[in-house]
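Undergrad: Here it is: the structure, laid out below.
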Amino acid sequence: MRETGPNPSTRELFKRFEKALNSSRIKRLWAFLSERIRGVNIGPFGVVFDRVVGESITLSELFDIFDDYAASEGAPFTVALDEVQEARGYKSLQAAIAHSYDYNSHVRFVLTGSQVGLLEDFLGERDASAYLFGRAINRVEVKRLSKERSLDFLNKGFHACGVKPPEELERVVEALDGIVGWLAHYGNYKIKGLNTNEIMRSAVMLELEEVKKLRGKYYQPILQALAQGGASWSYIYRFVSAAVDTSERQFNEALKQLVKYGYVEKSEEGYTIADPVLRLAITKNWEKIW
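Sequential numbering of the sequence shown, starting at 562, is according to this note's numbering.
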């Protein structure tokens, strides 16, 4: 969902489905859709969703058609939505997933998100009025890997791709602190021939783009206070108060939101920035690592 931006339109969602369906290369599925949906045509590179598609059917009806196709094939149909918290304000998607959960026995959903609190908002776990409230889910939490498991993860990945693991792996693992997404990001671009400095720069740019989405004058000072390491509530509050006018209530709400967004972690020792790449981006010293 990241490519569509926050709260995508119906048209944007249908275009994302078009792209995913074409990447599947399943021509039987293309034909099935073109026969059942007005405005879906088959072109040289796959299905093409005309502008009328978002008007001629709803997302719920699209999932119904996926269910019919899966039944005809005798196999489940999986819809995977990455960074789904980006669409947390788009109620039609939540309603469509709830409809499919109740009526489509052959459709499965895999919903992923890096901002756990916002993902929980999308699922409506604490909101009885939410469309998805009360639906049973299987939760898989990807935790940080230890240094040994991180090295094993990267070594196996390089060997699987027929590439000799770089000698710098230990430094990379220490810098990325066991975050699976960043380890995979590094490995993916390394086998494509990018040097480590370029890879780190691309990772930092991704994080900076995410941080730019934060609206509010307290978020940046809080992250700056935490950029050098963990800190207590009182230290962060003093740092932020010196930078901008604030009250405890406003400060606490901003800190709470950063925890919810997944940027900050809270523990008995205090608060820390959860993502090592975000720390590098804020301190602006990432180039010094390599």
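Where is the CB? At the ideal position from N, CA and C, for every residue including glycine.
Fully enclosed by the region 649-693, which alpha helix (DSSP H) runs are 4 residues long or longer?
TA: Entirely contained in the region 649-693, the alpha helix (DSSP H) runs reaching 4 residues are, in chain order, 652-664 and 677-684.
Undergrad: Please say whether Tyr-779 and Gln-811 have beta carbons closer to each other than 8 Å?
TA: In contact: Gln-811 and Tyr-779 (Cβ atoms closer than 8 Å).
Undergrad: Using 8 Å for Cβ pairs, my map puts Gln-646 next to Asp-682. What's the rounded Cβ distance?
TA: Their Cβ separation, rounded to whole angstroms, is 7 Å, which keeps Gln-646 and Asp-682 in contact under 8 Å.
Undergrad: According to the neighbour-count rule (16 or more other Cβ atoms, all chains shown, within 10 Å of its Cβ), is Trp-847 buried or exposed?
TA: In this prediction, Trp-847 has a pLDDT of 45, which is less than 50 and means its spatial position is unreliable; what the coordinates show is noted afterwards. Trp-847 comes out buried.
Undergrad: Is the beta carbon of Leu-620 less than 8 Å from the beta carbon of Ala-657?
TA: It is a contact, given that the beta carbons lie within the stated cut-off.
Undergrad: Is the separation between the beta-carbon of Gly-685 and that of Leu-693 shorter than 8 Å?
TA: Yes, the pair counts as a contact, with Cβ atoms nearer than the cut-off.
Undergrad: Name the DSSP beta bridge partners of Ile-603, please?
TA: Bridge partners of Ile-603: Val-608.
Undergrad: Quick check on Gly-823: buried or exposed, where buried means 16 or more other Cβ atoms within 10 Å of its Cβ?
TA: Buried.
Undergrad: Would you mind giving the Cβ-Cβ distance between Val-805 and Pro-837, rounded to the nearest angstrom? I have them listed as a contact below 8 Å.
TA: The pair is not a contact, with the Cβ atoms about 26 Å apart (cut-off 8 Å).
Undergrad: Cα-Cα, which of Arg-589, Phe-670 and His-660 is closest to Tyr-630?
TA: The shortest Cα separation from Tyr-630 among Arg-589, Phe-670 and His-660 belongs to Arg-589.
Undergrad: Leaving out five residues on either side along the sequence, give the residues of the same chain with a beta carbon under 6 Å from the beta carbon of Pro-726.
TA: Here the set comprises Asn-716 and Phe-719.
Undergrad: Rounded C-beta distance between Gly-790 and Glu-830? I'm assuming under 8 Å.
TA: Wrong, their Cβ atoms sit about 10 Å apart, outside the cutoff.
Undergrad: Measuring alpha carbon to alpha carbon, tell me which of Glu-771, Val-825 and Val-772 ends up nearest Ile-797.
TA: Out of Glu-771, Val-825 and Val-772, Val-825 has the C-alpha closest to the C-alpha of Ile-797.
Undergrad: Classify Ala-641 as helix, strand or coil using the three-state DSSP reduction.
TA: Ala-641: strand per DSSP, three-state reduction.
Undergrad: Within this structure, are the beta carbons of Glu-768 and Leu-839 separated by less than 8 Å?
TA: For Glu-768 and Leu-839, yes; Cβs fall inside 8 Å.
Undergrad: In three-state DSSP terms, what is Glu-826?
TA: It is a strand residue.
Undergrad: Check each candidate in Gly-600, Glu-596, Val-609 and Pro-605 and name the one with the smallest Cα separation from Val-581.
TA: Note on residue identity: the sequence assigns Ala, not Val, to residue 581. Among Gly-600, Glu-596, Val-609 and Pro-605, the Cα nearest to that of Ala-581 belongs to Val-609.
Undergrad: Label Phe-627 either buried or exposed according to how many other C-beta atoms from any shown protein chain fall within 10 Å of its C-beta, with 16 as the threshold for buried.
TA: Buried: at least 16 other Cβ atoms inside 10 Å.
Undergrad: Grab me the residues of Phe-638's own chain with a C-beta within less than 8 Å of its C-beta, minus the 5 sequence neighbours each way, in chain order.
TA: Here the set comprises Phe-627, Asp-628, Tyr-630, Ala-631, His-667, Val-668 and Arg-669.
Undergrad: Considering Tyr-832, what are the terminal residues of the beta strand (DSSP E) in which it resides?
TA: Looking at the DSSP string, the run of the beta strand (DSSP E) that includes Tyr-832 is 831-834.
Undergrad: To which residues of the same chain is Val-741 closer than 6 Å at the C-beta, ignoring the five residues directly before and after it?
TA: Hits under 6 Å: Val-703.
Undergrad: Less than 8 Å separating the beta-carbons of Leu-755 and Leu-744?
TA: Against a cut-off of 8 Å, the Cβ pair of Leu-744 and Leu-755 comes out as no contact.
Undergrad: Count the other CB atoms, across all protein chains shown, that sit within 10 Å of the CB of Arg-732; report buried if there are 16 or more and exposed otherwise.
TA: Exposed, by the Cβ-count rule.
Undergrad: Taking the alpha carbon of Glu-729 as the point to measure from, which residue in Arg-710, Lys-751 and Cys-722 has its own alpha carbon closest?
TA: It is Lys-751.
Undergrad: Mind pulling the alpha helix (DSSP H) runs of 4 or more residues that sit fully within the region 564-598?
TA: Taking only runs of at least 4 residues, the alpha helix (DSSP H) segments lying wholly in the region 564-598 are 571-585 and 588-597.
Undergrad: Just the Cα atoms here: how many angstroms apart are Ser-802 and Leu-623?
TA: Cα to Cα, the separation comes out at about 51 Å.
Undergrad: Rounding to the nearest angstrom, what Cα-Cα distance links His-660 and Gly-777 in this structure?
TA: Cα-Cα distance, rounded: 36 Å.
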